[in-house]
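Protein chains in written order, with the numbering used here: chain A, 792 to 1145; chain B, 792 to 1145. We treat Cβ as the ideally placed atom computed from N, Cα and C, and that holds for glycine. Notes follow once the structure below has been shown.
Number of protein chains: 2
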Amino acid sequence: MSVTIKDIAREIGISASAVSKAINGYSDISEETRQRVLEAVRRMGYTPNILARGLIRRQTNTIGLFVLSRSNKGFSHSFSSEVIAGIMDCAGVRGYELLLYSTNGPTPGKQVSYRGLCHERQIDAAIFMGLRTDDPGIEELKTVDFPVATLDVPIRGGKAICVGGDNVEGAYMATSHLISIGHRRIAYINGHAQAIVSQERLTGYLRALSDNGIPEDNSLVVEGAFTEESGAEATKRLLGLPNPPTAVFAACDSMAIGAMSVAAMRNLKVPDDLAVVGYDDIPLAAVAEVPLTTIRQDGYAIGYKAAEVVINDIERGSTAARRVLMGVELVVRESCGARKKGLYRGNTGIKQRV
Amino acid sequence: MSVTIKDIAREIGISASAVSKAINGYSDISEETRQRVLEAVRRMGYTPNILARGLIRRQTNTIGLFVLSRSNKGFSHSFSSEVIAGIMDCAGVRGYELLLYSTNGPTPGKQVSYRGLCHERQIDAAIFMGLRTDDPGIEELKTVDFPVATLDVPIRGGKAICVGGDNVEGAYMATSHLISIGHRRIAYINGHAQAIVSQERLTGYLRALSDNGIPEDNSLVVEGAFTEESGAEATKRLLGLPNPPTAVFAACDSMAIGAMSVAAMRNLKVPDDLAVVGYDDIPLAAVAEVPLTTIRQDGYAIGYKAAEVVINDIERGSTAARRVLMGVELVVRESCGARKKGLYRGNTGIKQRV
DNA sequence: CTGTTAGCGCTTTCAC
DNA sequence: GTGAAAGCGCTAACAG
Chain A
792 MSVTIKDIAR EIGISASAVS KAINGYSDIS EETRQRVLEA VRRMGYTPNI LARGLIRRQT
852 NTIGLFVLSR SNKGFSHSFS SEVIAGIMDC AGVRGYELLL YSTNGPTPGK QVSYRGLCHE
912 RQIDAAIFMG LRTDDPGIEE LKTVDFPVAT LDVPIRGGKA ICVGGDNVEG AYMATSHLIS
972 IGHRRIAYIN GHAQAIVSQE RLTGYLRALS DNGIPEDNSL VVEGAFTEES GAEATKRLLG
1032 LPNPPTAVFA ACDSMAIGAM SVAAMRNLKV PDDLAVVGYD DIPLAAVAEV PLTTIRQDGY
1092 AIGYKAAEVV INDIERGSTA ARRVLMGVEL VVRESCGARK KGLYRGNTGI KQRV
Chain B
792 MSVTIKDIAR EIGISASAVS KAINGYSDIS EETRQRVLEA VRRMGYTPNI LARGLIRRQT
852 NTIGLFVLSR SNKGFSHSFS SEVIAGIMDC AGVRGYELLL YSTNGPTPGK QVSYRGLCHE
912 RQIDAAIFMG LRTDDPGIEE LKTVDFPVAT LDVPIRGGKA ICVGGDNVEG AYMATSHLIS
972 IGHRRIAYIN GHAQAIVSQE RLTGYLRALS DNGIPEDNSL VVEGAFTEES GAEATKRLLG
1032 LPNPPTAVFA ACDSMAIGAM SVAAMRNLKV PDDLAVVGYD DIPLAAVAEV PLTTIRQDGY
1092 AIGYKAAEVV INDIERGSTA ARRVLMGVEL VVRESCGARK KGLYRGNTGI KQRV
């Protein structure tokens, strides 16, 4: 078996609690004893058993990370891996480890309890990625007694903190940009209505129209499902309108790419015949046939912030706002037409190209 | 505080040990008592404390995952996230959770001990991704007493198991393919020499030449650094040769893409003036200006296998081979010229396009 | 300053 | 079948 605190104690002829104090930097221990302990620790290759410590301190320095609704193989976006990297880095700096739960979201048959999973492992806090608004586990999450951060999905009631990109602002920027280069009939392809991001981006879109005195036209707002196919489908409907849009803003890049493919099939030139703006800045956006103008969220920053927020909660008690909005950025490429027309000189997202 | 085994015991008037036995499915407990316990467990919302259990059982059902040498933000390839997804799924099925270490590899200053990190958290096994052959921690890894799997990096001595794509075979396939469509002067852009994959892919390349009676030409083998820039740099050197190659096989897609960009700058047509084959099948490969022919490794399968191997070791003792080679696949696209010439009718990797 | 005692939540002999 | 007792490795009172 591996060396324990008792072995050290026996080795240098003192009590186990003295060793514990020496190791944990208590002041009521003589410097000389401490040195002898530290020396023995090194010599005998002792490492504390954090789990045993946790049993009594009720703190494991562990953050549970739930990566839910993952697509088949790999993470949904490359965005997720940026987020995770951010979480990891913050956790590392603050001295926490991450427990990556292997659950892939609520299983229809057997009901998993997030609270139970967290309790089993005695984690100090939890972060949820890809939580769906219709996840039955949400109710339970409202009642847990440890800090919880959700990415992108605000939970009403309870004290979970939601960290995410500012969707209203992002959609506002995208829409305003299209307006600024002359478009008036701007369609919006939303994601499915259950997603909060859909609702928020819709709000931003509508606000931009309203702020620019453009009347809302219901026929120009259609619903997709965050997939390329659904974006294509929606675009067909839009183009079939008596008075079709001159520009399309899609709630995600995949749908925007679907829109562009439909345009291509109908011999409509992007951006001249149809301007397109997406959301997310997925890697494909930069290398699409017509490079896609889009809104970029800084996944790394979001992840870092989420970890920071829960760790602050653990250490200082809940003080943060219940909702943390992270900045977003407009990345102008070719698909909106601004660069061609020389109307835009800002961020081209070139560095993004891998 | 949350409900413990004692609470249950008190509630239904039996001893704590009886409750434990009921919960853990021991046979020496009456069915009636078991039912009463299970009912109370449900009613009172009891979840076992796996950490306390681990303290005595010396097993935590946790696998440590080290994601080393991560690039700045996000994981090195999207490949990594596939691997992690595979690990997660296997772990989930087998009832293990993953502990994601926040270490980003050996820090120059303070020496981290992998062994120590593992011991602290009492993990049952560890998987290392992105371990470098010059990592000073490797020595220590040879002596640990729990199952260890390394991805792609075999460790000499010790009983760590290495799981990875068959690099020799992959390079052999790539090179043979170029030979089969008529190339004789085939250059190889290798990764940096410390990487095992570099050595193995070089072996495959040389073997293919030799098997086809093509003499080895040292000037055609150059070293890159797995980056687009280094691939471009290497290609410039190759094209400056008195007798330049007609084809280039690069040890990774990024370098292959660098090669293609140099060709484009010099008005060389790919594949006609210069055939290019990469390795990895990164997402960009399929959507490059000239879609890249490459070798695909199934990251998900590799991750799944790695988890499976260590879990088998945990549960049944070490039986697996010390090296597990996973199959690779040649994905023929445009950059090698085979499809244009009608020489190839196999895998086009079309489904890969996102 | 140091040691003794108790106990975190759980499992596991071993009597009964 | 069931419970009492011991203890996993550690920390936290509290005496001394």
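Here the alpha carbons of P1062/A and R1130/A stand approximately 10 Å from one another. A straight line joining the alpha-carbon of I1073/A with that of I1048/A spans about 11 Å.
Residue I1093/A holds the alpha-carbon nearest to the alpha-carbon of D943/A among I1093/A, E1106/A, A1098/A, T1110/A.
Rounded to the nearest angstrom, the Cβ distance from M1117/A to D880/A is 16 Å, too far for a contact under 8 Å. For A1079/B, the closest of D1104/B, E1099/B, A1050/B, Y1091/B by C-alpha to C-alpha distance is A1050/B. Bounds of the beta strand (DSSP E) holding V954/A are 952-956.
The residues E1019, A1023, in chain order, have a CB closer than 8 Å to that of S1052/A in the same chain once the five nearest residues on each side in sequence are set aside.
In the structure shown, Q1088/A adopts extended strand secondary structure according to DSSP, grouped into three states. The C-beta of R912/A comes closer than 8 Å to at least one C-beta of chain B.
Taking a C-beta distance under 8 Å as the contact criterion, A882/A and E873/A do not qualify as a contact pair.
By the CB criterion at 8 Å, I854/A and A1098/A fall inside the cutoff. With fewer than 16 other CB atoms across the displayed protein chains lying within 10 angstroms of its CB, G1031/B is exposed.
Not one beta carbon of chain B lies nearer than 8 Å to the beta carbon of A1054/A. When DSSP states are grouped into helix, strand and coil, V810/B belongs to the helix group. C-alpha of K812/A to C-alpha of S871/A: approximately 41 Å in a straight line. Judged by beta-carbon spacing, G948/B lies beyond the 8 Å limit of I1086/B, meaning their Cβ atoms are not closer than that value. The continuous alpha helix (DSSP H) containing I841/A extends over residues 841-848.
Here Q826/A is exposed: its Cβ has fewer than 16 other Cβ atoms, across all protein chains shown, within 10 Å. With respect to chain A, the C-beta atom of G1118/B has no partner C-beta closer than 8 Å. The straight-line gap separating the alpha-carbon atoms of K1096/A and T1084/A is approximately 26 Å.
Listed in chain order, the beta strand (DSSP E) runs fully inside the stretch 1066-1133 of chain B are 1066-1068, 1085-1088, 1114-1117, 1119-1122, counting runs of at least 3 residues. For M879/B, the nearest beta carbon of chain A is closer than 8 Å to its own beta carbon.
Annotation: the continuous alpha helix (DSSP H) that includes T824/A extends over 822-835. DSSP places Y996/A in the uninterrupted alpha helix (DSSP H) bounded by 987-1002.
Beta-bridge partners assigned by DSSP to Y963/B: none are found. Interface criterion met: the Cβ of G883/B is under 8 Å from a Cβ in chain A. Annotation for I914/A: T851, T853, I854, G855, L890, F937 place their beta carbon closer than 8 Å to its own, counting only its chain and skipping 5 residues before and after. In this structure, H983/A places its C-beta atom within 8 Å of the C-beta atom of E1014/A. At least one beta carbon of chain A lies nearer than 8 Å to the beta carbon of L891/B.
Not flagged as an interface residue toward chain B: R848/A, since no C-beta distance is shorter than 8 Å.
L908/A sits in a helix when the DSSP states are folded into three classes. For I796/B, the enclosing alpha helix (DSSP H) stretches over residues 796-803. In this structure, the CA atom of N1103/A is about 10 Å from the CA atom of A916/A. DSSP, reduced to helix, strand and coil, places T1026/A within a helical segment of the structure shown. Burial state of G836/B is exposed, judged by a 10 Å Cβ sphere holding fewer than 16 other Cβ atoms.
Sorting D1089/A, L859/A, R848/A, S1109/A by C-alpha distance to the C-alpha of M920/A places L859/A at the top.
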